[in-house]
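Protein chains in written order, with my numbering: chain A, 1 to 295; chain B, 1 to 770.
Contents: one structure, followed by commentary.
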């Protein structure tokens, strides 16, 4: 018996607890800047992260004295702090259009914060909808909107990552498709505005038929439509950062995850030294009119 | 960083064990030269009441320490016996010991098939001698066992379940009240090889993971190799669960009907002129309840599961036994939500195994088995006229040939081959168009050789080697295995084991819902995972038939590959881009104090353990540094107390108490919002949670008490009946399943507790045995 007890004690002593320690979150910085190919430089946002039990009001968390510099090649663009929107930084210099296919670097310096915040994005090349037909169709019919698209892609991507976004122009309750109408009826907190813009998860180029010239055929699924009537269809090609960011958000919400319940990974970082998003996209759009099915 | 065993030391281990294996092989050939003048004994050991072969029954030549244990076919063999007269003692738990006087002439081979009688009286006695336990308990290193009779008596949620019963053994953790998944010695469910009549089962679950797929009426033996398994098993890093179906009653036709709250069962077995047969059917009986609840939105419109086991045995000759066993089981679900949304899922397994056992001589036993295993999961969903569908299949056909050779008193040699074709097509359809298709069709072949050497009566040393060729990626692996056992006096045995293990498949699963499970393989750019295991054990027989088993283990897991959760779907990626790669380790100490017979019996199982993983892509802290993390199944303490009290011939009480350290979970400590994504993903703002690391926090400790009472009786000799009334979670412990985090509209982070079974849950079943 004593041998068993001694042996057991010896065995237990071999099983030590894991000494893993975890970093303590401090008031870390959050940066947001999303560039769109062939559009002017958008404003950036700089703030502090929201710790649990802290106010989530953006203006209270805004960092107003940061230095935000966006550069591409030999061009540096200083984004200046907005005087009327705390935490917002705008480019006020000569017009600069975000160049498709170009690399942009971001550098943010926050006084009192030792670490330099940096990020890089490779803007996808131009996305162009070469053809879109038909211009109108009956909901759930076989005749779906078919787009022929030149896929944009960042220089560091092996294939394009898309999101497809539908923006309804005729937002009326009696124009809701049945599934959306059912959701609106079941949930008192939803409003029509919640259905106006409808986005897809990320869909990679491999999901579509690819022609020998590199263009792809994209059949727009009916799941993207919330309203009958006129809809604007956006085809977004995301750079690697934006793709990682959107996928991280989906994963945290439990989308297509192999993580167990309650296991929540941090987002793939798109910046060094800060949380947030520094990414880019290229997009094109078309319009499609949806008719209700015949009774 | 995890993993203190470096690659070089692993290679050193491999080299040392390979050399030992070679020396053993050499020793075997030397020893076999002396076997000519010695006698031999062999035969089958069966249950006298029904003719079922008994697995792991013990045979001992009294006055010596020479003995043997029956194999999966109930066969035993002892060779190298000095001529003379011996008393041979046959024993098995729950059966009367049988003895036979046998006189052996020089060079004589004696075939002795023995039937053991069920010891009903044992159930009524209070004390069992320690000697009896000493003889009957083999208690191999790394092996956990729980009898089917115990499984059927334990209080359990709705149905007696093999996996949920195994979760009570030391070293086996459960993930939640809602899952029957086996998390063994720090491994995940995909690291356990599950065999039914030597056939792999690829999705052993019903009700999307709530129950295991095995009908306890059909099962004869459940054997769990938690680690350190011998060379005849392979293809997994962690453990092996080997389940044998009943052969069928060879004495009389017998039936059984059971009605339960969730499912009902029917079972029949009997003899025929040349052998026996067995069929067992189980089907859920939830339709009436679903019918009443149809107006509730979340209630499925249709749900059922069933399984069907069968086996036919043919005793072709005294030396030839043939069997054909089959299994089919399936789950089906159809749910509709808001108009325009419908989900359908069907998944299940089918297996067929044909087996031929032949005795070439009393020194050479062989078994050849041809198996096919087929698994399919086909989830379909329609959302606003857009269809989603996945076709996920596994089809494997294999041939196993195993032999056992007993050349002399000092060596037992086993070997064999296992070759097959594994085919796992996975196809995704979106909007009726195929968007992803991968097909891993792999030829694989393994061989193994293992020698067990008995240099003295107190020592037993085994060395084995398993080689595997895996066609996809042209991987060839060699896995040495080594174990030893030293008798330290009459009541104490010391055991040790070390080995290397390889795994070529990875199970892609979600702990919450097993209906979508699929398998991917190592291949181009994806090396097989491997790991080393080291185990020490001490098996002690205490007084009054009580045993105390202790084991400590350390294991590594390297080149682990899991589906990268951050990948944006599967389409358009190179095969290796589908995966995130990592490693892990596990260590622990297990103790089991058992009393297997007598009116009051049961066991106390305690595990002190730790496991972790390192996947640089999956876990980065707030400063973007890759970090170790503990999986949800990591438990520092895990205690199970299982007791049964036979009050009288009619009444029996059962109780199970479980305590475990709270599960690891991720506790976000901060959040942030990105505002400009409306025309990117459709959301006004995108909220992200930030935590110091994956699973850095602990849920409250888990504990639960289940009680049950069993009442047995007889219906005027027509049939025996059993009524079971059980209550799960007697004292309403609200154990936490997980914490749900949500960022509210005002930006604050709210946390909600999602409970496991929060209330006492009754269970009722009635069984007729005729």
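Backbone N, C-alpha and C fix where the C-beta goes; we use that ideal spot for every residue, glycine too.
Remember, it's a predicted structure, so these values are computed and weren't measured experimentally.
Asked	Found
Close-in-space but distant-in-sequence residues of the same chain around residue 257(A) (CB under 6 Å, 5 per side omitted)	251
When 331(B), 239(B) and 211(B) are compared against residue 223(B), the one with the closest alpha-carbon	239(B)
Beta-bridge partners of residue 675(B), as assigned by DSSP	The partner list for residue 675(B) (beta bridge, DSSP) is empty, contrary to what the question assumes.
Beta-carbon spacing of residue 829(B), residue 346(B) below 8 Å	The requested residue 829(B) does not occur in the structure, where chain B is confined to residues 1 to 770.
Rounded separation between residue 112(A) and residue 230(A) - CA only	51 Å
Nearest candidate by alpha-carbon position, reference residue 304(B), set 324(B), 339(B) and 263(B)	263(B)
Extent of the continuous beta strand (DSSP E) to which residue 48(A) belongs	44-48
Nearest-angstrom beta carbon gap, residue 555(B) and residue 227(B) [assumed within contact, 8 Å]	6 Å
Between the CA atoms of residue 396(B) and residue 39(A) - distance to the nearest angstrom	55 Å
Proximal residues of chain A, C-beta to C-beta of residue 670(B) below 7 Å	25, 49, 50, 51 and 52
Contact with chain A by residue 674(B), beta-carbon distance below 8 Å	yes
Short CB-CB distance (under 8 Å) between residue 284(A) and chain B	no
Spatially closest choice to residue 542(B) from 535(B), 550(B) and 536(B), by CA coordinates	550(B)
Coil, strand or helix - residue 182(A) by DSSP	helix
C-beta neighbour in chain A for residue 642(B), strict 8 Å	no
Alpha-carbon spacing of residue 116(B) relative to residue 522(B), whole angstroms	47 Å
First through last residue of the beta strand (DSSP E) which encompasses residue 285(B)	Element bounds for residue 285(B): n/a, residue is neither H nor E.
Presumed contact (8 Å Cβ cut-off) between residue 109(A) and residue 86(A), rounded CB distance	About 18 Å separates the two Cβ atoms, so there is no contact after all.
Pick from 239(A), 175(A), 198(A) and 277(A) that is closest to residue 679(B), judged by C-alpha positions	198(A)
Residue 172(A) - DSSP class collapsed to helix/strand/coil	coil
Sub-8 Å separation of residue 90(B) and residue 114(B) beta-carbons	yes
Local Cβ density within 10 Å of residue 128(B), reported as buried at 16 or more and exposed below that	Since pLDDT at residue 128(B) reaches only 38, below the 50 mark, its modelled position is unreliable, and no value is offered.
Alpha helix (DSSP H) runs contained entirely in the region 474-512 of chain B, provided each spans 4 or more residues	none
Chain-ordered neighbours of residue 746(B) on chain A, where CB pairs are closer than 7 Å	56
Selection from 284(B), 507(B), 531(B) and 463(B) that minimises the alpha carbon distance to residue 232(B)	463(B)
Residue 146(B) and residue 165(B) closer than 8 Å at C-beta	yes
Environment of residue 489(B) [buried if 16+ CB atoms lie within 10 Å]	exposed
Residue 236(A) in three-state terms, based on DSSP	strand
Same chain, Cβ closer than 6 Å to residue 455(B), five either side skipped, listed in chain order	none
Exposed unless 16 or more other CB atoms sit within 10 angstroms - verdict on residue 35(B)	Reliability of the predicted coordinates at residue 35(B) is poor, the pLDDT of 47 falling under 50, and no value is obtained from them.
Which of helix, strand or coil DSSP assigns to residue 150(B)	helix
Extent of the continuous alpha helix (DSSP H) to which residue 162(B) belongs	162-166
Contact check, residue 237(B) vs residue 503(B), beta carbons under 8 Å	yes
Within chain B, the residues that residue 182(A) reaches when beta carbons sit closer than 9 Å	337, 338, 339, 340 and 341
Cut-off 6 Å between Cβ atoms - residues of its own chain near residue 688(B), not counting five sequence neighbours on either side	672
Rounded separation between residue 68(A) and residue 81(A) - CA only	8 Å
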